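Visitor: Which chain is which? The protein sequence lines are G and P, in order. Note that the working numbering has the first sequence beginning at 1, numbered continuously upward. Note that the working numbering has the second sequence beginning at 213, numbered continuously upward. The C-beta atom is built at its ideal place from N, Cα and C for all residues, glycine as well. Everything numeric in this text was worked out from a predicted model, so none of it was measured. Below: one structure in structure tokens.
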Amino acid sequence: MSSKKDPQSQDKRKTRFSRRGFLGGMGLGAAGTGLLEHEAEAAPAPASVSGPGPVPITLNINGKAVNLRLEPRVTLLDAMRNHMSPPLTGAKRVCDRGSCGACTVILNGKSVYACTVLAIDAQGKNIETIEGMPANNPISTAFVNHDAQQCGYCTPGFVMAAKGFLAEHPSPTVEDVKHGLGGNLCRCGTYMGIRQAVVEASRSMKGANKNG
Amino acid sequence: MANTPEYKWPPMNARKVIGKPLKRLDGPPKAAGRAQYGSDKAFPGMLFASYLGSPHAHARITSVDTSAAEKTPGVRSVHVITPAGKEIQWQGAEIAALAADSEEIARDAIRKIKVEYEVLPHFVDGADLAAAGSHGKAAGEVVQGDPEKAMQEAEVVSEGTYGIPIATHCCLEPHGCVIQWKDDQVIAWPSTQFVTGWAGTLAPNLKIPAANIKVHQDYIGGGFGSKFSPGAWAEVGAILSQKAGGKPVKIFLERNMELEIAGHRPAAYGKFKLAGKKDGTITAWQSDTWATGGFPGSGSPPLPYVYANIPNQRRNHTSVSTNIAGSQAWRAPNNQQASYLTCCAIEDFAAKAGLDPMEVFAKNAEFTPRADIYRSQMEKAAELSEWKKLWKPRGSQTGTIRRGLGMGVNAWAGLGHNCTARTTIGPDGSVLLEMGTQDLGTGTRTVMVQVAAETLGLQPGQIKLVIGDNSLPPGGSSGGSTTVGGVSAATRKSTMNALYKLFDAVAPAWNVQPEELESVDGQIRVKGTPNKSMTWAAACKKIGPGGKIQETGANVSRSPMGLISGGVAGVQVADVNVDTETGLVRVNRYVAVQDCGMIINPRLSESQVYGGIIMGISTALFEERITDNETGHMLNADLEFYKLAGIRDIGDIIVHMDIREVNDERGVIGLGEPPAVAICAAIGNAVANAIGARVPHIPMTPMHVLDTLEGRKA
Numbered sequence: 001m002s003s004k005k006d007p008q009s010q011d012k013r014k015t016r017f018s019r020r021g022f023l024g025g026m027g028l029g030a031a032g033t034g035l036l037e038h039e040a041e042a043a044p045a046p047a048s049v050s051g052p053g054p055v056p057i058t059l060n061i062n063g064k065a066v067n068l069r070l071e072p073r074v075t076l077l078d079a080m081r082n083h084m085s086p087p088l089t090g091a092k093r094v095c096d097r098g099s100c101g102a103c104t105v106i107l108n109g110k111s112v113y114a115c116t117v118l119a120i121d122a123q124g125k126n127i128e129t130i131e132g133m134p135a136n137n138p139i140s141t142a143f144v145n146h147d148a149q150q151c152g153y154c155t156p157g158f159v160m161a162a163k164g165f166l167a168e169h170p171s172p173t174v175e176d177v178k179h180g181l182g183g184n185l186c187r188c189g190t191y192m193g194i195r196q197a198v199v200e201a202s203r204s205m206k207g208a209n210k211n212g
Numbered sequence: 213m214a215n216t217p218e219y220k221w222p223p224m225n226a227r228k229v230i231g232k233p234l235k236r237l238d239g240p241p242k243a244a245g246r247a248q249y250g251s252d253k254a255f256p257g258m259l260f261a262s263y264l265g266s267p268h269a270h271a272r273i274t275s276v277d278t279s280a281a282e283k284t285p286g287v288r289s290v291h292v293i294t295p296a297g298k299e300i301q302w303q304g305a306e307i308a309a310l311a312a313d314s315e316e317i318a319r320d321a322i323r324k325i326k327v328e329y330e331v332l333p334h335f336v337d338g339a340d341l342a343a344a345g346s347h348g349k350a351a352g353e354v355v356q357g358d359p360e361k362a363m364q365e366a367e368v369v370s371e372g373t374y375g376i377p378i379a380t381h382c383c384l385e386p387h388g389c390v391i392q393w394k395d396d397q398v399i400a401w402p403s404t405q406f407v408t409g410w411a412g413t414l415a416p417n418l419k420i421p422a423a424n425i426k427v428h429q430d431y432i433g434g435g436f437g438s439k440f441s442p443g444a445w446a447e448v449g450a451i452l453s454q455k456a457g458g459k460p461v462k463i464f465l466e467r468n469m470e471l472e473i474a475g476h477r478p479a480a481y482g483k484f485k486l487a488g489k490k491d492g493t494i495t496a497w498q499s500d501t502w503a504t505g506g507f508p509g510s511g512s513p514p515l516p517y518v519y520a521n522i523p524n525q526r527r528n529h530t531s532v533s534t535n536i537a538g539s540q541a542w543r544a545p546n547n548q549q550a551s552y553l554t555c556c557a558i559e560d561f562a563a564k565a566g567l568d569p570m571e572v573f574a575k576n577a578e579f580t581p582r583a584d585i586y587r588s589q590m591e592k593a594a595e596l597s598e599w600k601k602l603w604k605p606r607g608s609q610t611g612t613i614r615r616g617l618g619m620g621v622n623a624w625a626g627l628g629h630n631c632t633a634r635t636t637i638g639p640d641g642s643v644l645l646e647m648g649t650q651d652l653g654t655g656t657r658t659v660m661v662q663v664a665a666e667t668l669g670l671q672p673g674q675i676k677l678v679i680g681d682n683s684l685p686p687g688g689s690s691g692g693s694t695t696v697g698g699v700s701a702a703t704r705k706s707t708m709n710a711l712y713k714l715f716d717a718v719a720p721a722w723n724v725q726p727e728e729l730e731s732v733d734g735q736i737r738v739k740g741t742p743n744k745s746m747t748w749a750a751a752c753k754k755i756g757p758g759g760k761i762q763e764t765g766a767n768v769s770r771s772p773m774g775l776i777s778g779g780v781a782g783v784q785v786a787d788v789n790v791d792t793e794t795g796l797v798r799v800n801r802y803v804a805v806q807d808c809g810m811i812i813n814p815r816l817s818e819s820q821v822y823g824g825i826i827m828g829i830s831t832a833l834f835e836e837r838i839t840d841n842e843t844g845h846m847l848n849a850d851l852e853f854y855k856l857a858g859i860r861d862i863g864d865i866i867v868h869m870d871i872r873e874v875n876d877e878r879g880v881i882g883l884g885e886p887p888a889v890a891i892c893a894a895i896g897n898a899v900a901n902a903i904g905a906r907v908p909h910i911p912m913t914p915m916h917v918l919d920t921l922e923g924r925k926a
């Protein structure tokens, strides 16, 4: 299974927080010594360290500024689901380590796994979640048309992954969809519908653009 | 009352809503991310729970010290689940839990609980019967006919060893609930396959009446048989809530515990010997099988599967207990295992006899309960899979990439569970349909509305449906493919009962008898007299201001009354490519010919078949709980190394539903399980056909395939 997602966006190296570094530091991760050394080298002067207690964090979600007080270790996913009021629960927490795509959101135009992005790192970026899309958007509508959801728990992640994918591949074939959405998992077995839905969504989005 | 409905379905060609491919009603909220699951619930002051699981597969607890956790700021309650002196039998067994203001605090604090263990010897290797010793419990030998004589007289004898490992359900929404216990009242938002029965299972553990437990669920993120009971977590969550002064507690398993302890499909292994004639007739079956569902052992696949009437049989089975958390029902319990073991043995018999396996499966169909159906399904499956063109005798291929075809069979009972629907018609023309059932994503909401609309002669949009609450008339548990039978029969009865009450109210207007009326296309009219009709709205006004018609209808599982039945068959064919250098198996095409009853919604029933097959392909190619003998730990309790099939991994799937009048007359039959049965069998056989050797153990991973190709013991 492949994914075009790249949670390690280019802005990443400027920041001093990473989930992997945090896990390593807590003695929980499988991160090797080399990685820790690398993190140590990149570590800035202690004076600018944030946390470990809550710090003010501002997220730009669906065009609105959201002010939160969060520990720097909190992921974007947990920030949305557990720390916002009301919470944003379209993104689901399933694997919580970048394997299943159920928490996919769009960060500065690219689809990412929200469980692999720290909220503090998502500051200053444009975060799009499924709640920011109209309920009858072309992708969700195509999913309904092709019965591309059963229990539905993976569906919001697939819809957002499809949005990110279609932004880069506006005219995909079914074969393209199989590769482009390989980073998301469904347990009920809706893949046949999803393949068709994403192709239909691409057509209706182009139609809408022409008409608009 | 003379006007009693006769509960039948309208004739196939007269239906206006039933049989139409409506889009699922729960599709829009799910596809727009608006559907709220139990794990999405949030309430002011809600606490987050965290669990401490045992790191040992078998141990006695000698001490549990929660003092440091209790002192942690933000921790509101701590509960010791397994106190000192108790023995635990699997890794991940819950020792303690706590609830805190945030998940971060809960996760930090749970690590502060100090537990001392007396580590005891463990046994986790269910694949090796010889190692099981006292962990195995033999069921006793079963002999039918004269297997010895049949083996001696046989012209062809084949032998084989096959196995199918433990697979975990991997529900994307983990097991758990949000639960609040205040005074003697409990409110819960669980993730469950049994909304109506949830409280009754939990109540004795909390020592409160079930009537004091309110349960609400709009959506469930996957169950597949593993979410019938509240599980230990509901009780623990309730206790944490009570200890915290009645604040709601969110208690859902983390992914690793979900895979370790929330349930799995039992493993099954066996040694098989089949005997028969050169023409492919099977005369004798011998099986020595063992199975494990973890602790305390379970799993007994019905053998020989489908071909149950092979005349001479000798069967032995041993249940093996291992130090692994116990199993749960999995979409057609024991059937995947039985289908795999049986179909592998028949395919190997065919290969030994030098025959086309489909001919052997067909020739011996007389040993199945539905010979004609299976034979005709094989013909259809052969046509759709281009069997005659693409199938080559086993071992006849050369080259790096080898293509193989294989088949498997399925069967399932179905029928319908006990449940009650309630229909309320208001003087404003409104229709409310209610039942305390649940929609697992199988289409339950949609089929209930279709049945109601058909019965009342209305559009689906005119029916308001409410499900998912235990204050409603009782629903059944969604298992055994019994939901669609139960809810469709109960809905039909309740809506017919209500409609006949409406006829009673309307009939005097034309001075006719109620039974002379019918409701069609939004009109109540006198049969055969088109000028005597009124709109639905006008008819409902006859109920009178402030009045209502409210009628229930029940399905009783043991008296289907002609609306539903059970017993479907299926034949499936896998077409795979095997790379003999890398061992990689890829599905080219998968064909399913699925027997069915009356189809309420062809779009959604087809989705059920697709879903069963895709889950099956995933288990056939990727899934295996890997448990380390040394530590007793599950090594792949995550979604990186417990692999699930992705959108690329399933090939092309062709589904043929056998929608015909003769099947329609059988009534409604559930389809959640039957199509999910035969996939390991078909893919395993296709791989054997491709590479000329039997890969004994599912999943068909590169490691297993290369082991076989290079003659290594798995």
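Just to confirm the assignment, what range does the beta strand (DSSP E) spanning P:I432 have?
Guide: Counting from one through the second sequence, the residue named residue 432 of chain P turns up at place 220. Note, P:I432: premise wrong, no beta strand (DSSP E); not H, not E.
Visitor: Can you grab the Cα-Cα spacing for the pair P:G498 / P:F260, in whole Å?
Guide: The residue you call residue 498 of chain P lines up with position 286 of the second sequence. The residue you call residue 260 of chain P lines up with position 48 of the second sequence. Note that residue 498 of chain P is Gln in the sequence shown, not Gly. Each residue's alpha carbon lies about 53 Å from the other.
Visitor: By the three-class DSSP mapping on this structure, what secondary structure does G:K206 have?
Guide: What you label residue 206 of chain G is simply residue 206 of the first sequence in a count that begins at 1. Three-state DSSP puts G:K206 in a helix.
Visitor: As a quick exercise: from P:P386, P:V783, P:K713 and P:V780, pick the residue whose alpha carbon is nearest that of P:Q762.
Guide: Within the second sequence, residue 762 of chain P is the residue found at index 550, counting from 1. For the residues P:P386, P:V783, P:K713 and P:V780, the minimum Cα distance to P:Q762 belongs to P:K713.
Visitor: Identify the contact partners of P:G882 in chain G, using a Cβ-Cβ distance below 7 Å as the criterion.
Guide: The count along the second sequence starts at 1 and reaches residue 882 of chain P at position 670. Result: empty, since nearest Cβ-Cβ is about 15 Å, beyond 7 Å.
Visitor: Just checking my contact of P:Y374 with P:F484 at CB under 8 Å: how many whole Å lie between their CB atoms?
Guide: By one-based count along the second sequence, residue 374 of chain P stands at place 162. By one-based count along the second sequence, residue 484 of chain P stands at place 272. Correct: roughly 7 Å between the Cβ atoms.
Visitor: Tell me the residue span of the alpha helix (DSSP H) that contains P:D320.
Guide: On the second sequence, position 108 is the one that residue 320 of chain P refers to. Note, P:D320: alpha helix (DSSP H), E315 to I322.
Visitor: Quick one: give me the first and last residue of the alpha helix (DSSP H) that P:L341 is part of.
Guide: Reading the second sequence from its first residue, position 129 is the one you call residue 341 of chain P. Segment L341 to A344, the alpha helix (DSSP H) holding P:L341.
Visitor: Compare the C-beta of G:K163 against all C-beta atoms of chain P and say whether one is closer than 8 Å.
Guide: Within the first sequence, numbered from 1, the residue matching residue 163 of chain G stands at position 163. For G:K163, the answer is no, since every Cβ of chain P falls outside 8 Å of its Cβ.
Visitor: To the nearest angstrom, report how far apart P:A625 and P:Q540 are at their CA atoms.
Guide: Locating residue 625 of chain P in the second sequence gives position 413, where the first residue counts as 1. Locating residue 540 of chain P in the second sequence gives position 328, where the first residue counts as 1. Cα-Cα distance, rounded: 19 Å.
Visitor: Spell out the partners DSSP gives P:W393 in its beta bridges.
Guide: Here residue 393 of chain P refers to the residue found at position 181 of the second sequence. P:W393 pairs with P:V398.
Visitor: Give the secondary structure of P:F260 by DSSP, where H, G and I count as helix, E and B as strand, and everything else as coil.
Guide: The residue you call residue 260 of chain P lines up with position 48 of the second sequence. DSSP places P:F260 in strand when its eight states are reduced to three.
Visitor: Would you tell me roughly how many angstroms separate the C-alpha atoms of P:I637 and P:L711, rounded to the nearest one?
Guide: Taking the second sequence and counting its residues from 1, the one referred to as residue 637 of chain P is at position 425. Taking the second sequence and counting its residues from 1, the one referred to as residue 711 of chain P is at position 499. Going by the C-alpha atoms only, they are around 8 Å apart.
Visitor: Given a cut-off of 8 Å, decide if P:T658 and P:R246 are closer than it, judged by their beta-carbon atoms.
Guide: Taking the second sequence and counting its residues from 1, one reaches residue 246 of chain P at position 34. Taking the second sequence and counting its residues from 1, one reaches residue 658 of chain P at position 446. No, the Cβ-Cβ distance between P:R246 and P:T658 is not below 8 Å.
Visitor: Kindly indicate the opening and closing residues of the alpha helix (DSSP H) around P:W184.
Guide: Any question about residue 184 of chain P goes unanswered here, given that chain P covers just 213 to 926.
Visitor: Look at P:A894 and P:V785 and say whether their C-beta atoms are less than 8 Å apart.
Guide: Sequence index remark: in the second sequence, residue 894 of chain P carries index 682 (1-based). Sequence index remark: in the second sequence, residue 785 of chain P carries index 573 (1-based). Yes, they are a contact pair.
Visitor: If the cut-off is 7 Å on Cβ atoms, which residues from the stretch 96–123 of chain G count as contacting chain P, listed in chain order?
Guide: Here the close residues are D96, R97, S99, C100 and A102.
Visitor: Can you find a CB in chain G that lies within less than 8 Å of the CB of P:L384?
Guide: Within the second sequence, numbered from 1, the residue matching residue 384 of chain P stands at position 172. Closer than 8 Å to some Cβ of chain G, the Cβ of P:L384 qualifies, so yes.
Visitor: Counting only the same chain and skipping the five closest in sequence on each side, list residues whose C-beta sits under 7 Å from that of G:P54.
Guide: Your numbering for residue 54 of chain G matches position 54 in the first sequence. Counting only Cβ-Cβ distances below 7 Å, and skipping sequence neighbours, we find R69, L70 and E71.
Visitor: Spatial neighbours of G:A30 within its chain, please: CB distance less than 6 Å, with the 5 preceding and 5 following residues excluded, ordered by chain position.
Guide: Translated into positions along the first sequence, residue 30 of chain G becomes position 30. Residue confidence is low: G:A30 scores 37 on pLDDT, short of 50, so the model does not pin down where it sits. Its coordinate-derived value is still stated next. Answer for G:A30: no residue qualifies.
Visitor: Anyone know if the C-beta pair for P:S262 and P:I322 falls short of 8 Å?
Guide: For this step, residue 262 of chain P is matched to residue 50 along the second sequence. For this step, residue 322 of chain P is matched to residue 110 along the second sequence. Their beta carbons are under 8 Å apart, which means P:S262 touches P:I322 by this criterion.
Visitor: Which runs of the alpha helix (DSSP H) spanning at least 4 residues fall entirely within the stretch 68–124 of chain G, listed in chain order?
Guide: Segments of the alpha helix (DSSP H) lying fully in the stretch 68–124 of chain G: there are none.
Visitor: Could you check if P:N813 is buried or exposed, using at least 16 other CB atoms within 10 Å of its CB as the buried criterion?
Guide: Along the second sequence, one-based indexing puts residue 813 of chain P at 601. It is buried - the Cβ of P:N813 has at least 16 other Cβ atoms within 10 Å.
Visitor: Ordered along the chain, which non-local residues of its own chain (more than five positions away) have a Cβ less than 7 Å from that of P:G286?
Guide: Working through the second sequence from its first residue, we reach residue 286 of chain P at position 74. Within the same chain, P:G286 has close Cβ partners A312, D313, S314 and I317.
Visitor: Below 8 Å on the Cβ atoms is my guess for P:H868 versus P:A804; work out the distance and round it to an integer in Å.
Guide: Start at 1 with the first residue of the second sequence, and residue 868 of chain P comes out as number 656. Start at 1 with the first residue of the second sequence, and residue 804 of chain P comes out as number 592. Going by Cβ atoms, the distance from P:H868 to P:A804 rounds to 7 Å, so yes, they are a contact pair.
Visitor: Rounding to the nearest angstrom, what Cα-Cα distance links P:L234 and P:R815 in this structure?
Guide: If you number the second sequence from 1, residue 234 of chain P lands on position 22. If you number the second sequence from 1, residue 815 of chain P lands on position 603. Spanning the two alpha carbons is a distance of roughly 7 Å.
Visitor: Taking the continuous beta strand (DSSP E) assigned at P:C631, which residues delimit it?
Guide: Your numbering for residue 631 of chain P matches position 419 in the second sequence. Looking at the DSSP string, the run of the beta strand (DSSP E) that includes P:C631 is C631 to I637.
Visitor: How would you call P:V663, buried or exposed, if buried means at least 16 neighbouring beta carbons within 10 angstroms?
Guide: Taking the second sequence and counting its residues from 1, one reaches residue 663 of chain P at position 451. With 16 or more other Cβ atoms within 10 Å, it is buried.
Visitor: Considering only residues of the same chain and omitting the five flanking positions on each side of P:G701, which have a CB-CB separation below 6 Å?
Guide: On the second sequence, residue 701 of chain P is found 489 positions in, with the first residue counted as 1. Rather than Gly, the amino acid found at residue 701 of chain P in this sequence is Ala. Excluding positions up to five away in sequence, the list reads G628, N767, L775 and I776.
Visitor: Pick from P:I903, P:S830 and P:I881: whose alpha carbon is nearest that of P:P911?
Guide: By 1-based counting over the second sequence, the position of residue 911 of chain P is 699. The shortest C-alpha separation from P:P911 is found at P:S830.
Visitor: Classify P:H476 as helix, strand or coil using the three-state DSSP reduction.
Guide: Within the second sequence, residue 476 of chain P is the residue found at index 264, counting from 1. Strand, per DSSP.
Visitor: For the alpha helix (DSSP H) that contains G:S50, what are its first and last residues?
Guide: The sequence position of residue 50 of chain G within the first sequence is 50, counting from 1. First-last for G:S50: undefined, no H or E at that position.
Visitor: With respect to the alpha helix (DSSP H) encompassing P:Q356, which residues constitute its N-terminal and C-terminal limits?
Guide: Working through the second sequence from its first residue, we reach residue 356 of chain P at position 144. Counting along the chain, P:Q356 falls outside any alpha helix (DSSP H), though it belongs to the beta strand (DSSP E) covering V354 to Q356.
Visitor: Can you have a look at G:F158 and say buried or exposed, based on whether 16 or more other CB atoms are within 10 angstroms of its CB?
Guide: Looking up residue 158 of chain G in the first sequence gives position 158. With 16 or more Cβ atoms within 10 Å of its Cβ, G:F158 is classed as buried.
Visitor: For P:R837, does the count of other Cβ atoms within 10 angstroms reach 16, so buried, or fall short, so exposed?
Guide: Locating residue 837 of chain P in the second sequence gives position 625, counting from the first residue. By the neighbour-count rule (16 or more Cβ atoms within 10 Å), P:R837 is buried.
Visitor: Taking only beta-carbon positions, decide if P:Y517 is within less than 8 Å of chain G.
Guide: On the second sequence, position 305 is the one that residue 517 of chain P refers to. No - not a single Cβ of chain G is within 8 Å of the one on P:Y517.
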